[in-house]
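Have a look at the structure below before the remarks.
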Amino acid sequence: MSTPDAGTPAVVPGSVRDAAGATLSAEAARFAGLGWMRGTSGNLSVVLSREPLRLAVTASGLDKGELAHDDLVVVDAAGVPVPEEASTPPRRPSAEAGLHARVVALTGAGAVFHVHTLAAVRAGKRWPGGIELRDLEMLKGIGRSAHDETVTIPVIANSQDMTELGDRLAAALVPGVPAVVVASHGLYVWGADPLQARHHVEIVEWLLEYRIAEG
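Numbered continuously in the numbering used here, the sequence shown closes out at residue 243.
Structure representation (C-alpha cells):
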C-alpha cells in the first residue's frame, strides 16, 4: 500500500478492509468453536498499513462466533478509531486495541490474537515468573529448538490501564517467543500474518496444556 502525501488522511481501500474482516471473522469463529473466545471475549487484529499504522480490530461487545466481515474497527498506532474509517453503524474497538498496536510496534507483527483460554489462566497463576518448557517437538511450531533449549513464555500481571499493561509486556518480551500470558486474563500471541498468528496460538495453547498436565 502506498504512503499518502503528508497531511492526507490514510483511507484503507474497501477491498482491503473487507478481506481483513473476512479473515478476522473466520478466525474468531474458529477460536469461539474451540471455547477460546467465549461470549464476547477476546479480540483479533491484522495490520492494514504500516505508514501510517492502521489496524483492523474485531469490534467490542459482539459474539465472536458470529462476526460479519464488517464487524471491525480501524484504529491508529494508539488504538484510537480513525474517523475516516468509521463504519455504519459505528462500532467500538476493544479497550485493548491500543495493546494490539503496541505489540505490532514492538515486534513488527502483522497480526495479533488475544484469546481467553483456561490453560493460559491456570499456567499464569501457577508460574507467575514465566512458564518454562524444553525438549518438546511442538516448540518448533513457534520457531524454537525441540531439544537442549529452555524456552520461557513470559507472564505479566493484569491491568485495566492499557499503557501500564503495554509497559509490562514490553519489559517482559522474550526474543523469539511470540506470546505473553496475562495473569488471570488470557493470552496474547502474534505472527507475521493471521495464519501464522493462528498457528502460534494453537501451538502455545498446546504447550500450556502440556505444562499444566506435567505439573
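We put the CB at the ideal spot given by N, CA and C, even for glycine.
Endpoints, the beta strand (DSSP E) within which residue i is located
i      : result
Ala84  : Leu81 to Thr86
Trp64  : Neither: Trp64 is in no beta strand (DSSP E) and is coded neither H nor E.
Trp170 : One detail in the question is off: residue 170 reads as Ile in this sequence, not Trp. Looking at the DSSP string, Ile170 is not in any beta strand (DSSP E), and its letter there is neither H nor E.
Trp218 : Gly214 to Gly219
His142 : Ala139 to Val143
Glu160 : Ile159 to Arg162
Leu100 : Leu100 to Val103
Ala207 : Ala207 to Val210
Val149 : Careful: Val149 lies outside any beta strand (DSSP E), inside the alpha helix (DSSP H) at Leu146 to Arg154.
Thr180 : Thr178 to Ile181
Contact check, residue i vs residue j, beta carbons under 9 Å
i      : j      : result
Gly169 : Ile159 : no
Gly70  : Ala56  : yes
Ala174 : Asp163 : yes
Leu127 : His144 : no
Ala87  : Pro121 : yes
Asp91  : Ala60  : yes
Bridge partner(s) assigned by DSSP for residue i
i      : result
Arg78  : Leu81
Ala240 : The sequence shown places Ile at residue 240, not Ala. Answer is none; Ile240 lacks a bridge partner.
Inter-residue CB distance, residue i and residue j (contact presumed, cutoff 8 Å)
i      : j      : result
Gly13  : Arg130 : Given a span of 29 to 243 for the chain in the structure shown, any question on residue 13 remains unanswerable.
Val132 : Val209 : The pair is not a contact, with the Cβ atoms about 19 Å apart (cut-off 8 Å).
Ala48  : Ala84  : 4 Å
Burial state of residue i (16 or more Cβ within 10 Å)
i      : result
Ala199 : exposed
Val217 : buried
Glu165 : exposed
Arg196 : buried
Ala114 : exposed
Leu26  : The displayed coordinates of the chain run from 29 to 243. Any statement about residue 26 would go beyond what the structure contains.
Arg239 : buried
9 Å Cβ cutoff, residue i in contact with chain E
i     : result
Asp99 : The structure shown has no chain E; it contains just one protein chain.
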